[in-house]
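Residues in the sequence shown are numbered consecutively from 1, following full-length UniProt numbering.
For glycine and all other residues, C-beta sits at the position ideal for the given N, C-alpha and C.
Worksheet for the structure shown next.
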Amino acid sequence: MSLFCQTSTHVCLITDFFPGGELFALLDKQPMKLFNEESARFYAAEVVIGLEYLHCLGIVYRDLKPENILLQKDGHIVLSDFDLSFLTSCKPQIIKHAPPNKRRRSRSQAPPTFVAEPITQSNSFVGTEEYIAPEIITGMGHSSAIDWWALGILLYEMLYGRTPFRGKNRQKTFANILHKDLTFPSSIPVSLSGRQLINALLNRDPSIRLGSKAGANEIKQHPFFRGINWPLIRCMNPPRLDAPLQLIGKDPKAKDVTWEDDGVLVQSMDMDIF
C-alpha cells in the first residue's frame, strides 16, 4: 500500500498501479480458460517466492486466488489484498544436510537450507471457499500450510481451467474438500510431475503436506520446477501466452501525485470526489 488517508465518511487505500490487471482476467481470456504448462510453472514459481517472503515475515496469507494476483507491466506478478492475512511469530532455522556417503566421492556438499515458517496456529474461519484448506473447515487450527494447499488449488486451476473441489453450493464444496478424491481430467495433458506436485500440495493432512516442514524449499526442489533459476526468476521473461497480456491504460482523468524525500505528499488529493 502506497498511501492511506480518510475523510469523515471514507477510508482511502491507494496502491501502486498494476497495468496487467488480475491473473484471473488473464486466465479467463485463454483458450479453455487455462494456461499451458510452461506459463503455469512460471506463475506458480513466482507465487512460491511471494509466499516464501511472507512466511519469513511471519505472515500467513490465507487468501491466495487468481483475483488477488496482479500483473506488472513486465508480466511478473505481485500478491495483493492482505485483509485476511494473519501475522504471527516466525522462527528462522538453518538446516544442515548430512555429509555424503564416504564411500562415494563428492566434489560438493549440499548447502544448508534456510527455513522460516510461521509457527503459531489460528482458528479463524477465513478464505475463499474453493481455496479453503480442510483444516480450516474442520476447525482444527491452521498454520502456513494452508497457503501451500491454496497453491495446489491455484496450480490445478491454471492447468485444468477449474478448481478441483467446486460443488453446486458452499456446503457441497466444503464436503468435496474434505472427502472427494482428487482427479485429473485425462482430456487435458499435464505432465506427471505437475500432477504429482498438485497431489502433494493437496494432501489433507497438513503435517505431511508438501511445504509444511521445510517451507518453500521443499516445493522449489520438486521436479515440476526443474529448470527454474530461483535467484534470478524476477529477471526471466514470462512465457508466451495464447492470449497475450494486454496492459490497462492509465485513466486520462487521473492526477499524478508527487512526494518529497521524507514521504510527505506534495500535491494533495481532491477529497471532494468522495
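Would you tell me roughly how many angstroms separate the C-alpha atoms of residue i and residue j, rounded to the nearest one?
i       : j       : result
Tyr-131 : His-55  : 18 Å
Gln-72  : Ser-39  : 15 Å
Ile-208 : Ala-45  : 21 Å
Gly-21  : Leu-247 : 7 Å
Phe-42  : Gly-194 : 12 Å
Arg-234 : Asn-68  : 19 Å
Val-78  : Ala-133 : 22 Å
Val-126 : Phe-165 : 17 Å
Phe-274 : Glu-117 : At Phe-274 the pLDDT is 47, less than 50, meaning the model places this residue with poor confidence; the figure from the coordinates comes in the next sentence. Those two C-alpha atoms are separated by around 41 Å.
Phe-224 : Glu-37  : 10 Å
Ile-49  : Asn-169 : 33 Å
Val-60  : His-142 : 10 Å
Arg-62  : Ser-122 : 11 Å
Leu-159 : Ser-8   : 46 Å
Val-266 : Glu-129 : The pLDDT assigned to Val-266 is 49, lower than 50, so where the model puts this residue is not dependable; a value taken from the coordinates is nonetheless given after this. Their backbone Cα atoms lie some 43 Å apart in a straight line.
Ala-200 : Leu-155 : 12 Å
Met-271 : Leu-241 : Per-residue confidence for Met-271 stands at a pLDDT of 46, beneath the threshold of 50, marking its modelled position as unreliable; the derived number appears in the next sentence. If you take the alpha carbons of Met-271 and Leu-241, they lie about 41 Å apart.
Gly-167 : Ala-175 : 8 Å
Phe-35  : Lys-172 : 27 Å
Cys-5   : Lys-33  : 38 Å
Glu-157 : Pro-66  : 9 Å
Met-140 : Ser-124 : 10 Å
Ile-136 : Leu-87  : 17 Å
Leu-202 : Asp-74  : 31 Å
Phe-18  : Leu-210 : 31 Å
Met-236 : Ala-243 : 19 Å
Gly-161 : Ala-25  : 12 Å
Leu-245 : Phe-82  : 25 Å
Tyr-53  : Gln-93  : 14 Å
Ile-177 : Arg-204 : 9 Å
Pro-252 : Arg-226 : 44 Å
Asp-16  : Gly-249 : 14 Å
Suppose contacts are defined by Cβ-Cβ distances below 8 Å. Is residue i in contact with residue j by that definition?
i           : j       : result
Ser-212     : Trp-148 : yes
Cys-90      : Leu-51  : no
residue 276 : Thr-138 : Absent from the structure is residue 276, since the part of the chain shown begins at 1 and ends at 274.
Ile-14      : Leu-3   : yes
Leu-182     : Val-47  : no
Pro-238     : His-76  : yes
Ala-145     : Pro-185 : no
Leu-197     : His-179 : no
Leu-64      : Ser-80  : no
With DSSP as the reference, please indicate the residues paired to residue i in a beta bridge.
i       : result
Val-11  : Gln-6
His-142 : Ser-122
Val-47  : Answer is none; Val-47 lacks a bridge partner.
Gly-21  : Leu-71
Ile-59  : Leu-87
What residue range does the alpha helix (DSSP H) around residue i cover?
i       : result
Leu-197 : 192 to 201
Ser-186 : Counting along the chain, Ser-186 falls outside any alpha helix (DSSP H), and DSSP gives it neither H nor E.
Cys-90  : Taken as a continuous stretch (DSSP letters only), Cys-90 belongs to no alpha helix (DSSP H), as it is neither H nor E.
Phe-174 : 170 to 179
Ile-219 : 216 to 220
Just curious, the beta strand (DSSP E) that residue i is in, first and last residue?
i      : result
Ile-69 : 69 to 71
Leu-79 : 77 to 79
> So does the region 180 to 192 actually touch the region 211 to 219, counting three or more Cβ pairs closer than 8 Å?
Replying inline: No, because fewer than three Cβ pairs between the region 180 to 192 and the region 211 to 219 fall closer than 8 Å, the two stretches do not touch.
> With a cut-off of 8 Å, do at least 3 Cβ pairs link the region 224 to 231 to the region 22 to 29?
Replying inline: When Cβ pairs closer than 8 Å are counted between the two stretches, the region 224 to 231 is seen not to touch the region 22 to 29, the count staying below three.
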